[in-house]
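So for the sequence shown, the working numbering puts the first residue at 20; every next one is plus one. A short write-up of the structure that comes next.
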Amino acid sequence: MDEKTLAKEVYQRLSKVYKNPKIDLEFDNPFELLIETVLAAQEKDEKVNSIRKSFFSKFKDPKALKQAPLEDIKEATKSISFYNKKASAIKEIAT
């Protein structure tokens, strides 16, 4: 089975089990969801939601994150668990 066929099979099986998946993260676009997913690892979605407005007012898009010093990203995420590693991962995603 090739990867595309396998991916479809996995998707179909998961769709049967999880008919209406719910996500508690608040986001306006795929970029925000990607960044918030990184931040949400081993953290409550509510905590991530609490910093999202502040974070995305500073880093509106991948270009802004790419240009930002890592220390600025760390500062914006310091209330999130494992923020040092997560800030580094976010910086890497943007580059």
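Beta carbons are placed, not taken as given, at the ideal position from N, Cα and C, and that holds for glycine.
Local Cβ density within 10 Å of residue i, reported as buried at 16 or more and exposed below that
{"i": "T96", "result": "buried"}
{"i": "Y102", "result": "buried"}
{"i": "E55", "result": "buried"}
{"i": "A83", "result": "exposed"}
CA nearest to the CA of residue i, picked from the options
{"i": "E62", "options": "L89, F78, E51, L44", "result": "L44"}
{"i": "P94", "options": "A106, Q86, K85", "result": "First, the amino acid is wrong: residue 94 is Glu here, not Pro. Answer by Cα proximity: A106."}
{"i": "K77", "options": "S69, D64, I92, V36", "result": "I92"}
{"i": "S73", "options": "A60, V36, Q86, F46", "result": "F46"}
Residue i in three-state terms, based on DSSP
{"i": "Y102", "result": "helix"}
{"i": "E28", "result": "helix"}
{"i": "I42", "result": "coil"}
{"i": "D47", "result": "coil"}
{"i": "P156", "result": "Since the first residue shown for the chain is 20 and the last is 114, residue 156 is missing from the structure and cannot be characterised."}
{"i": "T114", "result": "coil"}
Alpha-carbon spacing of residue i relative to residue j, whole angstroms
{"i": "V29", "j": "N48", "result": "25 Å"}
{"i": "E110", "j": "V67", "result": "Checking the sequence shown, residue 110 turns out to be Lys, not Glu. Cα to Cα, the separation comes out at about 17 Å."}
{"i": "R12", "j": "T24", "result": "Any question about residue 12 goes unanswered here, given that the chain covers just 20 to 114."}
{"i": "P40", "j": "F50", "result": "19 Å"}
{"i": "S69", "j": "K79", "result": "16 Å"}
{"i": "R71", "j": "K85", "result": "18 Å"}
{"i": "A26", "j": "M20", "result": "10 Å"}
Whole-number beta carbon distance between residue j and residue i, since they are thought to touch under 8 Å
{"i": "I99", "j": "L53", "result": "Contact doesn't hold; Cβ gap of about 15 Å is too wide."}
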